[in-house]
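Numbering of the sequence shown is given in numbering that gives the first Met the number 0, commencing with residue 0 and proceeding in unit increments. The beta carbon of each residue, even a glycine, is placed where N, CA and C say it ideally should be. Working notes for the structure below.
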Amino acid sequence: MARNVVVTGSTSGIGLAIANVFAEAGDRVAINGFGETQEIEAQVHRLQQLSKTDAMHHAADMTKPEEIADLIAATSRRFGSVDILVNNAGVQHIDKIEDFPIDAWDKIIAINLSSSFHTIRAVIPLMKTKKWGRIINIASAHALVASPFKSAYVAAKHGILGLTKTAALELAEFGITVNAICPGYVLTPLVERQIPDTARARGMTEEEVKTEVLLKAQPTKDFVKAEDVAALALYLASDAARQVTGTHLSIDGGWTAA
Ligand code: NAD
């Protein structure tokens, strides 16, 4: 039976790959995020074709609690409920703490952490009614270890693990699991765009930027694929994962083993 899925920040990268696998599994998917209207319409159409059922886009800005509440309400109105929530929207800003712009800190905490509180808060009554639900938070290797100059991102990602565990305990007896996925570097369009610039700035080849800058911390020296992260999300949403709750699954090429 088709399940009803919301994936935040899913007009690009990992979120879009997650939307794809759920649509392929025949689920109804609501995507969210920014982009060109025509491109988003094409994505929704493609998801509808893939799933042979429904798909939609909601433009909620993940910094705005009332828009986030409307994302869940509008999806539930159209699909009938929300069974699977994937909190994926995330942004980055890199600066020393003493130079870190206050508005960049506030934005990252809002999008990468608080938005998940707002979505989870809104889906709980829907999931409790069905006595079934899956909440999957896309965290990061930076939920487990830090890197310099990423204070807001690291703080938000560590925070999301705390929220994951707390929600899992509160929802354990309602057939609702809550887990986090912690990816290492994933070659999303965002990361891809940074490579030529970094190569020019550092006088390196693009290959050197990948292995010596981006993948320095990743022992496999290879990127995680967005599709690999999506496959893990699909597993966490399955019935086989019903006893997996309140934890994180790393998919980071060995980064956090060191
Ligand atoms: P991306 O930039 O490709 O996609 C981000 C998505 O979020 C886009 O759809 C964008 O429109 C949306 N978005 C941005 N601001 C928003 C807002 N205010 N409201 C609603 N949507 C908004 O990024 P990605 O690399 O696919 O990252 C997705 C998630 O995975 C993030 O939480 C990120 O922290 C996490 N992650 C990424 C990597 C990586 O290497 N790419 C590694 C670990 C974790």
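Exercise. Can you give the beta carbon distance from I137 to N87, rounded, assuming they're within the 8 Å contact cut?
Worked result: 4 Å
Exercise. Residue ranges of each alpha helix (DSSP H) run of no fewer than 4 residues wholly in the stretch 66-111, ordered along the chain?
Worked result: 101-108
Exercise. Mapping DSSP to helix, strand and coil, what is L248?
Worked result: strand
Problem set entry | Collapsed DSSP secondary structure at R27 in the structure displayed | strand
For this session: Label P182 either buried or exposed according to how many other C-beta atoms from any shown protein chain fall within 10 Å of its C-beta, with 16 as the threshold for buried.
Result: buried
Exercise. What whole-angstrom Cβ distance do S114 and I67 have, given they're in contact under 8 Å?
Worked result: 6 Å
For this session: Report the option in M61, A198, R2, T187 whose CA atom is closest to the CA atom of S75.
Result: R2
Exercise. When burial is assigned at 16 or more other CB atoms within 10 Å of the CB, is G202 buried or exposed?
Worked result: exposed
Exercise. From L162, E40, R45, pick the residue whose C-alpha is nearest to that of H57; which is it?
Worked result: E40
Problem set entry | Simplified DSSP assignment, three categories, for G132 | strand
For this session: Could you please give me the residues that DSSP links to T176 through a beta bridge?
Result: R133
Exercise. Given that a residue counts as buried once 16 or more other Cβ atoms are within 10 Å of its Cβ, and exposed if not, what is A256?
Worked result: exposed
Exercise. If you follow the alpha helix (DSSP H) that H157 is part of, which residue opens it and which one closes it?
Worked result: 150-170
Exercise. For D69 and chain B, any beta-carbon pair shorter than 7 Å?
Worked result: In the structure shown, chain B does not exist; there is a single protein chain.
For this session: Report the residue from P195, A73, D221 whose alpha carbon sits nearest the alpha carbon of I250.
Result: D221
For this session: Tell me whether T187 is buried or exposed, calling it buried when 16 or more other Cβ atoms sit within 10 Å of its Cβ.
Result: buried
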